[in-house]
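*Asks:* Chains as they are written, first to last, in my numbering: chain A, 152 to 571; chain B, 152 to 571. The C-beta atom is built at its ideal place from N, Cα and C for all residues, glycine as well. A quick note: this is a predicted structure, and the numbers were derived from the prediction, not measured. Sharing a structure below in structure tokens format, with a few things to ask.
2 protein chains.
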Amino acid sequence: MPTKAFQTKLAKYADLIVTVGLNLERGQRLIIYNAATRGVGVHTLPLVSEIARAAYQAGSPLVDVIWNDESLIRTRLEHIRHADVQEYPTWHTKGLLDTIEGGGALLSIHSSDPDLLADLDPELAGLWNQRHVRDYEPVLVGATVNRMNWCVVAAAGPRWAKKVYPRLSSEKAEAKLWRTLFRITRADLPDPVAAWTDHIRELTRRARYLTDRRFTTLRYTGPGTDLTIGLPDGHRWLAAREQTASGHEFTANLPTEEVFTLPHRLRTEGRVQATLPLVHAGQRIEGLNLSFQGGHVVRAEARKGEAVLRKLISLDEGASFLGEVALVPQDSPVARQKTLFFDSLLDENAACHVAIGRGYRTCLPGSERVTDAEFLERGGNISSTHVDFMIGSSQLDIDGIERGGAVQPVMRAGEWAFDI
Amino acid sequence: MPTKAFQTKLAKYADLIVTVGLNLERGQRLIIYNAATRGVGVHTLPLVSEIARAAYQAGSPLVDVIWNDESLIRTRLEHIRHADVQEYPTWHTKGLLDTIEGGGALLSIHSSDPDLLADLDPELAGLWNQRHVRDYEPVLVGATVNRMNWCVVAAAGPRWAKKVYPRLSSEKAEAKLWRTLFRITRADLPDPVAAWTDHIRELTRRARYLTDRRFTTLRYTGPGTDLTIGLPDGHRWLAAREQTASGHEFTANLPTEEVFTLPHRLRTEGRVQATLPLVHAGQRIEGLNLSFQGGHVVRAEARKGEAVLRKLISLDEGASFLGEVALVPQDSPVARQKTLFFDSLLDENAACHVAIGRGYRTCLPGSERVTDAEFLERGGNISSTHVDFMIGSSQLDIDGIERGGAVQPVMRAGEWAFDI
């Protein structure tokens, strides 16, 4: 039985998700799912109930939920043959697409066991994920052009929490993960909305400064990392607050500490070492090293999960090019937890990162409605996947190189190196 | 934490559902839902997990679940305006229809709080149910002609159990309801499958006897009941075991104690008094009395829930004519519990009953593929609903009247009155 104090915090968190996160409009449908496994686990019902309450109070006519408990995903993959992976419940995607087409909003809740499929046949898990990604692509496309307001948040769950805090019992770990989530999303402050207004203002200023510099290239230096990433002409840096095509503002991630833009897909050179493990499709990739030539991954190594990594970057052509570059200082509330969450929503807000796969067209004004070919031509990347991996640390320096060749410090020892 | 003994019984129950109930074929998809509220509550996960395990072991490539926790249905109906009821997640139905079209099987799990919506605006609850029924009709049509193998079962839940056993705590009530479910479905016997083979044989013999009599009319006599129900030419009585169009056998209800057929929609005369309350769309109807002329309900009264009753029988034209007549002896395992379950799957197996709404074409051989007009012409009934209500008791007598006028006893004091 949850305590009343917990229930109050959960309600504040739900209110924050519906107001600051989605900024749900009166009359808007909301559909709740999990982008990684499609459906949310049934253990998230207490949060989902509070979100539904908040959404109905905001005037939503229908809050719809795609559930898909991870225990059932596991049971399936323990039993079926490889060919059976192609049997796919496409009606789930129809729920998402119907909501997008009807002007509704999407909320993805992360709450999965990071090692859900770790001990299963990686070939089967990879096929399962490929089938899933193929079906899900139209939804991802909708999100990367902000066709609708959307948001990604996290909910504690017993199995996930036990991985994050292995020395605690499942119950204590889950309670602690909830406390951490409330802290890093500022939901435990007396006035979370006011705190977010200040936070969004600061991130927006940093994004504006970076956009105004019009860097042609970023240069990363750190242990195992010597990398340059070209940025396309006309790119802009975004942070925290985004807009739908119709001008409706929302915050796509809670928490969010990053300032990000689109790299030029053909202009990444050198090598980079991940500073945190990456969890992909329920499987863990550790000790990741990538080398790039002409934007393309030419060498991919991992101490653990290398097969998963190889499958991931060979999913389609765009999966071996970068689609996002993001800056996060080491003093972010998430980074200050000094905790590995095994979930990119949280871990990507603890460290600078890049993503392979699909790029956000909103980072290249004017590209939202061009053809795929034109987007590629301008330096954008197209793929059916988008996977972040963390490369930031307190030993990472980043410089920006201006058109004339001038070098400006962007980050030093993992912290912002410019004033706003 | 469930005990190991409970988990073992749950697994046997799940095996029974997949083998005797659905008789799931290798390669068949399975989709699990709840016909009344569309989705199953998340508290049913332990049973759903065991069913998934059993189905995968039987060679299913995909077990899909439509969840829709009743707490979320309530939250919605507490907040939305009447017009918002029309916002409907049609993609859920698509999941069911895709499964039917792809040759899959359907499993409906009953586990709802009987008073879920009892204290809400009955007008709103009625509109919600109408919208739901309209969307669901193609699935109901598929079931009434046995396009696929399908089955309806029950799972205990804390709120439902507390209604059934109000003097116990929720936890003890739920444990007791599970024990009862295992008993009345014979899942607690050493060899449940053998027990079902015997049981099915007896019911099938009774059905054959009744079919062979070719009664033109049934006459019901009991307290508050004086009713004749005409039966259409060529009707047959069914029980327990049904067949899909392609000849695949299955058992549509667990438990099932009934022998049933199709009444002639225009030939019900007199009055009938329900002997148990009826729960419809989360609302309770008590003290139900109906009068019929020419098959049509000409008077409908209820001590409680009369508004719900009126909405129900005015849903469409067929909703005020009978679509099913079913015989259940008072010594059935369900009846012996002397318990009101507030759920038709169980209560209908404790007493003789009739249903208003859609009739089963399988009870009129040759009518499975005729037009609706021809089915009506032969005496069948068409409607977007099908709702059972219980009229049996230990004071009910039923006679069958043969073509020549001879009267044969069918039931006396609620028990079978013929040998097989």
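Suppose contacts are defined by Cβ-Cβ distances below 8 Å. Is B:Pro289 in contact with B:Gly530 by that definition?
*Replies:* Along the second sequence, read from residue 1 onward, the residue named residue 289 of chain B stands at position 138. Along the second sequence, read from residue 1 onward, the residue named residue 530 of chain B stands at position 379. Contact flag unset, no.
*Asks:* Give a yes or no on whether 8 Å exceeds the smallest Cβ distance from A:Pro212 to chain B.
*Replies:* Within the first sequence, the letter at position 61 stands for residue 212 of chain A. Closer than 8 Å to some Cβ of chain B, the Cβ of A:Pro212 qualifies, so yes.
*Asks:* Which residues bound the beta strand (DSSP E) around B:Tyr184?
*Replies:* Translated into the one-based positions of the second sequence, residue 184 of chain B becomes position 33. From DSSP, the beta strand (DSSP E) with B:Tyr184 extends over Leu181 to Tyr184.
*Asks:* Would A:Ile549 count as contacting chain B if we go by Cβ distances under 8 Å?
*Replies:* Taking the first sequence and counting its residues from 1, the one referred to as residue 549 of chain A is at position 398. Cβ-Cβ to chain B under 8 Å: no for A:Ile549.
*Asks:* Can you name, in chain order, every residue of its own chain whose Cβ lies under 7 Å from the Cβ of B:Leu354, other than the five neighbours on each side?
*Replies:* Counting from 1 along the second sequence, the entry for residue 354 of chain B is found at position 203. The answer, listed in chain order, is Ala390, Ala391 and Val410.
*Asks:* Do A:Asp220 and A:Val199 have their C-beta atoms within less than 8 Å of each other?
*Replies:* Within the first sequence, residue 220 of chain A is the residue found at index 69, counting from 1. Within the first sequence, residue 199 of chain A is the residue found at index 48, counting from 1. No; because the gap between Cβ atoms is not below 8 Å, this pair is not in contact.
*Asks:* From the beta carbon of A:Glu325, is the nearest beta carbon of chain B less than 8 Å away?
*Replies:* Residue mapping note: residue 325 of chain A aligns to position 174 of the first sequence, counting from 1. It does not: the Cβ of A:Glu325 has no partner Cβ on chain B nearer than 8 Å.
*Asks:* If I follow the unbroken alpha helix (DSSP H) through A:Glu353, where does it start and stop?
*Replies:* Numbered from 1 along the first sequence, position 202 holds the residue referred to as residue 353 of chain A. Looking at the DSSP string, the run of the alpha helix (DSSP H) that includes A:Glu353 is Pro343 to Arg364.
*Asks:* B:Ser211: buried (16+ other C-beta within 10 angstroms of its C-beta) or exposed?
*Replies:* On the second sequence, residue 211 of chain B is found 60 positions in, with the first residue counted as 1. Flag for B:Ser211 reads buried.
*Asks:* Using a C-beta cutoff of 8 Å, does B:Trp311 count as contacting chain D?
*Replies:* Among the protein chains in the structure shown, which are A and B, there is no chain D.
*Asks:* Return the residue from the list B:Asp272, B:Gly385, B:Asp264 and B:Glu238 that minimises the CA-CA distance to B:His283.
*Replies:* In the second sequence, residue 283 of chain B corresponds to position 132, counting from 1. The shortest Cα separation from B:His283 among B:Asp272, B:Gly385, B:Asp264 and B:Glu238 belongs to B:Glu238.
*Asks:* Please list, in chain order, the chain A residues whose beta carbon lies closer than 8 Å to that of B:Arg162.
*Replies:* Looking up residue 162 of chain B in the second sequence gives position 11. Checking the sequence shown, residue 162 of chain B turns out to be Ala, not Arg. Simply none; closest approach about 13 Å.
*Asks:* From the beta carbon of A:Ala338, is the nearest beta carbon of chain B less than 8 Å away?
*Replies:* The count along the first sequence starts at 1 and reaches residue 338 of chain A at position 187. With 8 Å as the cut-off, A:Ala338 does not count as an interface residue toward chain B.
*Asks:* Between the stretch 501 to 509 of chain B and the stretch 543 to 551 of chain B, do three or more beta carbon pairs fall short of 8 Å?
*Replies:* The answer is yes - the stretch 543 to 551 of chain B touches the stretch 501 to 509 of chain B, with three or more Cβ pairs under 8 Å.
*Asks:* When the cut-off is 8 Å and only beta carbons count, does A:Thr188 lie next to chain B?
*Replies:* The residue given as residue 188 of chain A occupies position 37 in the first sequence. It does not: the Cβ of A:Thr188 has no partner Cβ on chain B nearer than 8 Å.
*Asks:* Taking only three categories from DSSP, how would you classify B:Ile436?
*Replies:* What you label residue 436 of chain B is simply residue 285 of the second sequence in a count that begins at 1. Strand.
*Asks:* Could you tell me the boundaries of the beta strand (DSSP E) in which A:Ile380 lies?
*Replies:* Within the first sequence, numbered from 1, the residue matching residue 380 of chain A stands at position 229. Element bounds for A:Ile380: Thr376 to Gly381.
*Asks:* Excluding the 5 residues preceding and the 5 following A:Leu427 in the sequence, name in chain order all residues of the same chain whose CB lies nearer than 7 Å to its CB.
*Replies:* Taking the first sequence and counting its residues from 1, the one referred to as residue 427 of chain A is at position 276. Hits under 7 Å: Leu491, Asp498, Ala502 and Met541.
*Asks:* Alpha carbon to alpha carbon, what distance is there between A:Thr188 and B:Ala572?
*Replies:* Since the first residue shown for chain B is 152 and the last is 571, residue 572 of chain B is missing from the structure and cannot be characterised.
*Asks:* Which residues share a DSSP beta bridge with A:His447?
*Replies:* As a working mapping, residue 447 of chain A is identified with position 296 in the first sequence. Per DSSP, A:Gln444 and A:Phe472.
*Asks:* Which of the three DSSP states, helix, strand or coil, is assigned to A:Asp539?
*Replies:* For the purposes of this step, residue 539 of chain A is taken as residue 388 along the first sequence, with counting starting at 1. Here A:Asp539 sits in strand by DSSP.
*Asks:* Does B:Gln208 get closer than 8 Å to chain A when you measure Cβ to Cβ?
*Replies:* Position 57 of the second sequence, counted from the first residue, corresponds to residue 208 of chain B. With 8 Å as the cut-off, B:Gln208 counts as an interface residue toward chain A.
*Asks:* Please specify which runs of the beta strand (DSSP E), each continuous and at least 3 residues long, are wholly inside the stretch 461 to 511 of chain B, giving them in chain order.
*Replies:* Complete beta strand (DSSP E) runs here, min 3: 473 to 478 and 504 to 508.
*Asks:* Out of A:Ala338, A:His261 and A:Trp567, which one is the CA nearest neighbour of A:Val430?
*Replies:* Position 279 of the first sequence, counted from the start, is the residue given in the question as residue 430 of chain A. Considering only alpha carbons, the answer is A:His261.
*Asks:* Measuring alpha carbon to alpha carbon, tell me which residue in B:Thr536, B:Gly446 and B:Arg418 is nearest B:Lys462.
*Replies:* On the second sequence, position 311 is the one that residue 462 of chain B refers to. Selected option, being the one with the closest Cα: B:Thr536.
*Asks:* By the three-class DSSP mapping on this structure, what secondary structure does B:Phe526 have?
*Replies:* In the second sequence, counting from the first residue as 1, residue 526 of chain B sits at position 375. In the structure shown, B:Phe526 sits in a helix (DSSP, three-state: H, G or I).
*Asks:* May I have the straight-line CA-CA distance separating A:Gly469 from A:Glu201, to the nearest angstrom?
*Replies:* Your numbering for residue 469 of chain A matches position 318 in the first sequence. Your numbering for residue 201 of chain A matches position 50 in the first sequence. Taking the straight line from one Cα to the other gives about 38 Å.
*Asks:* If you follow the alpha helix (DSSP H) that B:Val199 is in, where does it begin and where does it stop?
*Replies:* Numbered from 1 along the second sequence, position 48 holds the residue referred to as residue 199 of chain B. B:Val199 -> alpha helix (DSSP H) spans Leu196 to Gln208.
*Asks:* Using a Cβ-Cβ distance under 8 Å, would A:Arg512 count as near chain B?
*Replies:* Residue 512 of chain A sits at position 361 when you count from the first residue of the first sequence. Judged by the 8 Å Cβ criterion, A:Arg512 is not in contact with chain B.
*Asks:* What does the alpha-carbon distance come out to for the pair A:Cys302 and A:Arg357?
*Replies:* Here the question's residue 302 of chain A lines up with position 151 in the first sequence. Here the question's residue 357 of chain A lines up with position 206 in the first sequence. Roughly 22 Å between the two C-alpha positions.
*Asks:* Sorted by chain position, which residues of the same chain lie with C-beta nearer than 6 Å to B:Val214's C-beta, five sequence neighbours on each side aside?
*Replies:* Your numbering for residue 214 of chain B matches position 63 in the second sequence. These residues qualify, in order along the chain: Leu181, Ala203 and Ala206.
*Asks:* May I have the straight-line CA-CA distance separating B:Trp311 from B:Leu473, to the nearest angstrom?
*Replies:* As a position in the second sequence, residue 311 of chain B is number 160, starting the count at 1. As a position in the second sequence, residue 473 of chain B is number 322, starting the count at 1. Straight-line Cα distance between these residues: approximately 28 Å.
*Asks:* Which chain A residues are close to B:Ser222, counting only those with a beta carbon under 8 Å from its beta carbon?
*Replies:* Here residue 222 of chain B is taken as the residue at index 71 of the second sequence, counted from 1. Per Cβ cutoff of 8 Å: Leu196 and Ser200.
*Asks:* Could you work out which residues of chain A lie near B:Val344, taking near to mean beta carbons separated by less than 7 Å?
*Replies:* By one-based count along the second sequence, residue 344 of chain B stands at place 193. Within chain A, no residue comes near B:Val344; the closest Cβ sits about 21 Å away, beyond 7 Å.
*Asks:* With a Cβ-Cβ cutoff of 8 Å, do B:Asn509 and B:Asn532 count as a contact?
*Replies:* Indexing the second sequence from 1 puts residue 509 of chain B at position 358. Indexing the second sequence from 1 puts residue 532 of chain B at position 381. Checking the sequence shown, residue 509 of chain B turns out to be Arg, not Asn. Contact flag set, yes.
*Asks:* Output the distance between the C-alpha atoms of B:Arg330 and A:Val344, rounded to the nearest integer angstrom.
*Replies:* For the purposes of this step, residue 330 of chain B is taken as the residue at position 179 of the second sequence. For the purposes of this step, residue 344 of chain A is taken as the residue at position 193 of the first sequence. Looking at the two C-alpha atoms, the distance is approximately 50 Å.
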